[in-house]
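As structure tokens, the structure follows; a few thoughts come after it.
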Amino acid sequence: MVALIFMLCKFNTHSNRFGTRTFASAKALLIQTTFVSALRGNSRPTAPSFAQGGLMAIYHFSAKILSKNLGHNAVAASAYRSGSSFKCERTGTVHNYRRKTEVQHSAIHTPDGLPSWTHDRSQLWNKAENSETRVNSQLCREIVLGIPIELTSESRPALLDGFVKEAFVSLGMIADYSIHDKAGNPHAHIMLTLREVSADGQGFGAKRRDWNNPALVEKWRAQWAEHANKMLADQGHTVRIDHRSLAEQGIAGPATVHVGRDNGFNSDAVQERKDFNALIMVQRELARIKDEERVIHEQLSRITSDIIDLEMTLSEALVERDQQGSGATGATTSETPAGIVLPGDADFSITPPISRRRPLRPRHHAAQTIITPNMETTPTCSDF
916 MVALIFMLCK
926 FNTHSNRFGT
936 RTFASAKALL
946 IQTTFVSALR
956 GNSRPTAPSF
966 AQGGLMAIYH
976 FSAKILSKNL
986 GHNAVAASAY
996 RSGSSFKCER
1006 TGTVHNYRRK
1016 TEVQHSAIHT
1026 PDGLPSWTHD
1036 RSQLWNKAEN
1046 SETRVNSQLC
1056 REIVLGIPIE
1066 LTSESRPALL
1076 DGFVKEAFVS
1086 LGMIADYSIH
1096 DKAGNPHAHI
1106 MLTLREVSAD
1116 GQGFGAKRRD
1126 WNNPALVEKW
1136 RAQWAEHANK
1146 MLADQGHTVR
1156 IDHRSLAEQG
1166 IAGPATVHVG
1176 RDNGFNSDAV
1186 QERKDFNALI
1196 MVQRELARIK
1206 DEERVIHEQL
1216 SRITSDIIDL
1226 EMTLSEALVE
1236 RDQQGSGATG
1246 ATTSETPAGI
1256 VLPGDADFSI
1266 TPPISRRRPL
1276 RPRHHAAQTI
1286 ITPNMETTPT
1296 CSDF
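Here you go:
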């Protein structure tokens, strides 16, 4: 009960994202169950444990294609899912995810007789990346599946090994899987090749179009349920997973415990079943909200990847523009143009500046005196 209250408090921060009606319905169910249990003084859990077979384990299985036109990169995807550091030969980018702590186990399974490079992630996905030349090429298929939390962590690799070999390797695919366990949510990422290895063994050959048959996905979903349920039974659990939809199972809504009329509506047994049914509905609602949150996180990851690609493209364009600009202006020289004399040269001298003002002329000319032989002076007419 405390754990469910904590989960609802956590999802309360996302109520605006998923809608207040969804959160309010789940919250109301939990509050109702809590009050009923408190008033009845019930100190024991109102819901049976998983070992008692009270709840159905959550089933999750999704398949998608990674392609270039969506900004995907097979080398980067493998590095992220396996917590490794790989360099993409096509782009020259190093994808380093060694700090990821949720990677529990990784493995590659191939058909018999394939070359050694198929067991090396860096070489495997670089060859897959280089074999796709179109801008909208499909790179690989990815399967994401939820692992029942009831299974021990040590048994998860054996479960994935058996399922991967039967479902994918038997068809000729190369399967690269990684098990993640973060915040109590164990799941696995399986990357599958879309091409068969070439005859010379140097790379990939033709694409296998028959691997795109939608009927295969339904077959894989059923096979995963079979493998997981077998291991649950081997470990003594009565809980099971079902790959079928609620409609295929004949369930109109969330599966609940049937309340029979013979028990009486006021009996303690009926009330316990009602409380238990409310808890089941809350857990299924929380599972649906968590799945929506995962989808949003995947969309944000793709948007972030697109932003990073745009920033890299813009940076390269700016560098190219600067290089073209420097080439257009031409090389600079340190030689002094002809006709310029600098200090220290032999012809260098300092001369006073030349005045460009005209000299002032007197307003009246000075009187000129003409000396005659008789020593008399006679003023000239120019003086008047």
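Under this note's numbering, the letters of the sequence shown match residues 916 to 1299, in that order. By construction, the Cβ of each residue, glycine as well, lies at the ideal position given by its N, Cα and C atoms. Since the model is a prediction, treat every value here as computed from it, not as a measurement.
What do you get for Thr1016, buried or exposed, if any count of 16 or more other CB atoms within 10 angstroms of its CB means buried?
With fewer than 16 other Cβ atoms within 10 Å, it is exposed.
Output the distance between the C-alpha atoms of Ala1043 and Ser993, rounded to the nearest integer angstrom.
Distance between the alpha carbons of Ala1043 and Ser993: 11 Å.
Identify the continuous alpha helix (DSSP H) that holds His1142 and give its terminal residues.
Pro1129 to Asp1149 is the extent of the alpha helix (DSSP H) around His1142.
On the DSSP bridge assignment, give the partners of Asp1091 in chain order.
Bridge partners of Asp1091: Ile1023 and Met1106.
From Gly1120 to Val1112, what distance separates their C-alpha atoms?
Answer to the nearest angstrom: the Cα atoms are 5 Å apart.
Say whether the stretch 1021–1033 touches the stretch 1049–1062, bearing in mind that this needs 3 or more beta-carbon pairs closer than 8 Å, one atom from each stretch.
No, the stretch 1021–1033 is not in contact with the stretch 1049–1062.
Using the beta-carbon count (16 or more within 10 Å), is Arg1013 buried or exposed?
When all chains shown are included, Arg1013 counts as exposed.
Closer than 8 Å is the cut-off here; do at least three beta carbon pairs connect the stretch 1075–1093 with the stretch 1132–1143?
Yes: at least three Cβ pairs fall under 8 Å.
Backbone CA spacing between Gln1019 and Gln1214 [nearest angstrom]:
If I take the Cα positions, the gap works out to 24 Å.
Under the DSSP definition of a beta bridge, which residues are partnered with Cys1055?
DSSP, once it has assigned bridges, lists Leu981 as partnering Cys1055.
Name the two residues that bound the continuous beta strand (DSSP E) containing Ala1098.
Taken as a continuous stretch (DSSP letters only), Ala1098 belongs to no beta strand (DSSP E), as it is neither H nor E.
Buried or exposed, going by whether 16 or more other CB atoms sit within 10 Å of the CB of Leu945?
Because the pLDDT of Leu945 is 45, which lies under 50, any placement of that residue in the model is unreliable, and the number read from its coordinates should be weighed accordingly. Result: buried.
Asn1011 - DSSP class collapsed to helix/strand/coil
Here DSSP, grouped into helix, strand and coil, assigns Asn1011 to strand.
Host beta strand (DSSP E) of Ala1121 (start-end)
Counting along the chain, the beta strand (DSSP E) containing Ala1121 begins and ends at Phe1119 to Lys1122.
So for Val1050, helix, strand or coil by DSSP?
Judged by DSSP in its simplified three-state form, Val1050 adopts coil rather than helix or strand.
Ends of the beta strand (DSSP E) at Ser1000?
Membership of Ser1000 in the beta strand (DSSP E) is indicated by the continuous run Ser1000 to Lys1002.
Checking the sheet assignment: what are the DSSP bridge partners for Leu1060?
In the DSSP output, where bridge partners are listed per residue, Leu1060 has Phe976 and Ala1103.
Give me, in chain order, the residues of the same chain whose beta-carbon lies closer than 8 Å to that of Tyr974; leave out the 5 immediate sequence neighbours on both sides.
Cβ neighbours of Tyr974 within its own chain (closer than 8 Å, five residues either side excluded): Gly1061, Ala1140, Ile1156, Asp1157 and His1158.
Count the other CB atoms, across all protein chains shown, that sit within 10 Å of the CB of Thr1108; report buried if there are 16 or more and exposed otherwise.
With 16 or more other Cβ atoms within 10 Å, it is buried.
Closest to Leu1086 by C-alpha separation, out of His1152, Trp1126 and Asn984, would be which residue?
Checking every option, the nearest Cα to that of Leu1086 belongs to Trp1126.
Are there 16 or more other CB atoms within 10 angstroms of the CB of Thr1033, so buried, or fewer, so exposed?
Per the 10 Å Cβ criterion, buried.
So the candidates are Ile1105, Ile1218 and Glu1047; which of them puts its Cα closest to the Cα of Ile1089?
For Ile1089, the nearest C-alpha among the options comes from Ile1105.
What's the C-alpha gap between Pro1129 and Ala1232?
Their backbone Cα atoms lie some 42 Å apart in a straight line.
Using CA atoms only, rank isn't needed, just tell me which of Leu1194, Ser997 and Arg1036 is closest to Ile1094.
Out of Leu1194, Ser997 and Arg1036, Ser997 has the C-alpha closest to the C-alpha of Ile1094.
Helix or strand or just coil, what does DSSP make of Glu1207?
Three-state DSSP puts Glu1207 in a helix.
Excluding the 5 residues preceding and the 5 following Val1009 in the sequence, name in chain order all residues of the same chain whose CB lies nearer than 7 Å to its CB.
Excluding sequence neighbours, Val1009 sits near Ser1000 and Lys1002.
Helix, strand or coil: which one does DSSP assign to His1112?
A small fix is needed here, since residue 1112 is Val in this sequence, not His. Strand.
Please identify the residue among Ser1230, Met1146 and Asp1091 whose C-alpha is closest to the C-alpha of Gln1038.
Comparing Cα-Cα distances from Gln1038 to each of Ser1230, Met1146 and Asp1091, the minimum goes to Asp1091.
Three-pair Cβ contact test at 8 Å for the stretch 1064–1076 versus the stretch 974–990
The stretch 1064–1076 vs the stretch 974–990: no contact.
Report yes if the CB atom of Arg1136 is closer than 9 Å to the CB atom of Arg1123, and no otherwise.
Annotated as distal: Arg1136 and Arg1123, with beta-carbon spacing of 9 Å or more.
Local Cβ density within 10 Å of Glu1226, reported as buried at 16 or more and exposed below that
Around the beta carbon of Glu1226, fewer than 16 other beta carbons lie within 10 angstroms, which makes this residue exposed.
Just to confirm my understanding: we take Leu1029, look at its own chain, exclude 5 residues before and 5 after, and list those with CB closer than 7 Å. What are they?
Closer than 7 Å at Cβ, skipping near neighbours: Val1112.
What number of angstroms, rounded off, separates the C-alpha of Gly1118 from the C-alpha of Trp1040?
Approximately 10 Å between the Cα atoms of the pair.
Mind checking which residues open and close the alpha helix (DSSP H) that includes Asp1070?
This sequence places Ser at residue 1070; Asp is not what is there. If you look at Ser1070, you'll find it isn't in any alpha helix (DSSP H); DSSP assigns it neither H nor E.
DSSP three-state call for Val1018: helix, strand or coil?
DSSP places Val1018 in strand when its eight states are reduced to three.
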